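Report on the following structure.
Numbering (the numbering used here), first residue to last: 720 to 1610.
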């Protein structure tokens, strides 16, 4: 397979999120805002970097940027450059730059005097003209170009396109997306003149951006508004502006025909040439005659003269007048997919993606409307200072004459109130994630009583058919693209479920808390108590992306219970979940360990273990995993402090640049009470990942452990501010509840802060009936596994960490690596916790730290910490028993 380009470069954070002093780590920061010298507006998407040195970034929507370098790598004559279309380039010598780690600086750019006479091509000039396609339109099966890994903003991928000497008006630019492993990416389309060795002189003088989602296929960008006319070769390509998600993994099709392509790894970086390679980039054009050009030029001159009389002072500023507006559309804190975002009184429109995100080109003064069926229409005006618009849409409510709704009637009931009313209130429905009240849920759900079903029907599909408006039964085809086979199965589709008309997703079923992606033909219709039909918008908010097509939640008479604070003992009391004792034992798991660990496990003395270690030390001298395994083993079995510490200190360099290894080692230090050492590692991780909520959570906890209360408080405060400023997005399913739990605990036990009585009640309610808090943390955030919790009555429930289910509907995706569970005390006895490890993308072991808290939040709180090495994949294996966590020679 021939690779056009492979951009293994550093992904630079745009905004300064770090509240720590980072100067101790040899890095120098230059951060600030780029502004227009005349209008004082902030400037988005400015290219920033050290010229031809591979260090750079791009300013974000608010003009903010963050650049981190090591000054020792550059000479005083190296140049830091700021450039943007429509502005004069700004340059500083490195010796002139104030690398102040705390100072937020302003960089002022002067608008560039631009030619006022611009060709204006209207529809009348294109009528009847010859259309043509220039470029490379055939995607090859074995050639592609991609950005992969941690990719730096401002990286470009460009292909040269040959044209004849005729005048070609550029209409539409097309490229092919093979795969996108990111959440979404924002790119800028750049068009360059072709008469230079490298792409230099831009033909396109405006910021034209495109949001690329996950759907493969052809992507089209309308170039007609930008009046581009070429009569010689030109180059066109894509530049990376923003990555929504943990990393970029954007794969574009390449053409089998030869040409010349260019790429650079970073903003202001050096171009490299790839001869004989072409991306699948092509443009629809219309050929114009000389007479057309003459008329167009005359019209442009007339228009310019007319404008000069109407406007005494003309300031041509493309960023000011025509800009990319981006943002999110929410309802009740949940994203709204497929909402229509349109420039009022025009045909320009787009739709929100699965995360509620959109981007659209607009001018100052434009009115942007946000519309979605069943919701009240929202309109916002684009002002001079606005580049980002987030809106909340409310469900449309019809007011009826003679009907008065009191404030009390609108108040949501508590879980306890709904529990007591369930049998008598037919507008309540039970789900694994709480009881739903049709009146206050905020979404259009349908609830059907089991008695109204056709109980003589042969199965649940027949019983549902025709009973619920908006629900239809159809077929879905699953294909195997590798082997060419496919099969069709029956599915249920809910109107309003997520997915386009061409790619509608089937609903899932939930029966007493158990999720079924296929139709549950086995279900006895006579035991159905109530059915709730939940559309995709509401379903994703509770169940994750698996519910994108909606949920049919069925409560049976055999499981008449209500969930209580989302505790796990409730979710274990569900049908068809009897534990079969099918998990393999620790002894069986250990047979699959590396030979050096198996040899250590059978030793009976420190001297024998030490000898075994030294025999393998040289063999695994470059493996951080070996020394981490050895350190965990020796600290768990032999109290030999100096020897144990030397295992790491003699090989410290192996851990310095790998975040996963540093986190695993931090876990090992925390387990043995070496909190200062763990703090240094978490600080290093924070420096490398200052834009991750997980970094804030880990760093704050570490400061609590070393009794740096003020620093912990600062981090919690900074995290909250970043949420409020939309720089971070609260993962309300995974990490954010953990941070909330620990922040409340921090306030109660580590500060003098007086918590209000209402907040105390809320904290107490969270702990009500919960004797045990289980906290799971893992070092590799791309690891996947299923946790199986078996209660003392031998019933289980499963929680998974699939990358497809983690945080998928939030604006800035990151894979969190923590989960918490509260186990209730309703059932006395021993719990079993098993794990089915699915692996990670690195192929190395994943290290899982488990902390069990008893009496969490009380004066009698106690905790136990264990570390588990995960490497055996795709088999259910015993992890530990509660309450002991089952210490052994490896944890």
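Cβ coordinates follow ideal geometry from the N, Cα and C atoms, glycine included.
Keep in mind the model is a prediction, meaning the values are calculated, not measured.
Query                                                                                                                            : Result
Proximity of residue 1059 and residue 890 at Cβ, strictly below 8 Å                                                              : no
Given 8 Å, three or more beta-carbon pairs between the region 1315-1322 and the region 1568-1579                                 : no
Residues bridged to residue 998 (per DSSP)                                                                                       : 973
Spatial neighbours of residue 1564 in its chain, beta-carbon cut-off 7 Å, leaving aside the 5 residues before and after          : 1344, 1588, 1589 and 1590
Per-residue burial, residue 843 [other beta carbons within 10 Å of its own, 16 or more giving buried]                            : Caution applies to residue 843, whose pLDDT of 48 falls short of 50 and renders its modelled position unreliable; the value that the coordinates give is listed next. Exposed: under 16 other Cβ atoms inside 10 Å.
Segment contact, 8 Å Cβ cut-off, at least three pairs: the region 964-979 with the region 914-924                                : no
Three-state secondary structure (DSSP) of residue 1064                                                                           : coil
Proximity to residue 1001 [Cα-Cα], best of 1369, 1268, 895 and 784                                                               : 895
Residue 1227 versus residue 1239: straight-line alpha-carbon distance, rounded                                                   : 10 Å
Limits of the beta strand (DSSP E) - the one that residue 1182 falls within                                                      : First-last for residue 1182: 1179-1183, but that is the alpha helix (DSSP H), not the beta strand (DSSP E).
Distance between residue 1299 and residue 1507 (C-alpha atoms, nearest Å)                                                        : 12 Å
Cut-off 8 Å between Cβ atoms - residues of its own chain near residue 1301, not counting five sequence neighbours on either side : 1595
Residue 1322: first and last residue of the uninterrupted beta strand (DSSP E) it sits in                                        : Careful: residue 1322 lies outside any beta strand (DSSP E) and carries neither H nor E.
Assigned exposure category for residue 1042 - 16 Cβ within 10 Å defines buried                                                   : buried
Exposure of residue 950, with buried meaning 16 or more beta-carbon neighbours within 10 Å                                       : exposed
Local conformation of residue 1598 per DSSP, three classes                                                                       : strand
Inside the region 1333-1370 only - beta strand (DSSP E) runs reaching at least 3 residues                                        : none
Residue span of the beta strand (DSSP E) that contains residue 963, given as start and end                                       : 953-963
Residue 1248 burial status per 10 Å Cβ neighbour count (16 or more: buried)                                                      : buried
Start and end residues, beta strand (DSSP E) containing residue 1251                                                             : 1247-1253
Nearest-angstrom Cα separation, counted from residue 940 out to residue 892                                                      : 5 Å
Residue 1466 beta carbon less than 8 Å from that of residue 1542                                                                 : no
Buried or exposed by the 16-neighbour rule on C-beta atoms within 10 Å, applied to residue 1254                                  : buried
Backbone CA spacing between residue 1233 and residue 1272 [nearest angstrom]                                                     : 9 Å
Cβ pair residue 880, residue 996 closer than 8 Å                                                                                 : no
Residue 999 burial status per 10 Å Cβ neighbour count (16 or more: buried)                                                       : buried
Backbone secondary structure at residue 1071 - three-state DSSP                                                                  : coil
Inter-residue spacing [alpha-carbon to alpha-carbon] between residue 959 and residue 1536                                        : 27 Å
Beta-carbon proximity list for residue 1557, same chain, < 7 Å, skipping 5 on both sides                                         : 1503, 1504, 1592 and 1593
Residue from 809, 1047, 781 and 1156 with nearest C-alpha to residue 767                                                         : 809
Alpha-carbon spacing of residue 1528 relative to residue 900, whole angstroms                                                    : Confidence is the limiting factor: at residue 1528 the pLDDT is only 28, short of 50, which leaves the residue's position unreliable and the question unanswerable from this model.
Residue 855: first and last residue of the uninterrupted beta strand (DSSP E) it sits in                                         : No beta strand (DSSP E) holds residue 855; DSSP gives it neither H nor E.
Reduced DSSP secondary structure (H/G/I, E/B, other) of residue 1557                                                             : strand
Three-way DSSP call (helix, strand, coil) for residue 1431 in this model                                                         : helix
Environment of residue 1130 [buried if 16+ CB atoms lie within 10 Å]                                                             : Note that residue 1130 has pLDDT 49, beneath the 50 cutoff, so the model's placement of it is unreliable and no number is given.
Length of the line joining the Cα atoms of residue 1501 and residue 902                                                          : 14 Å
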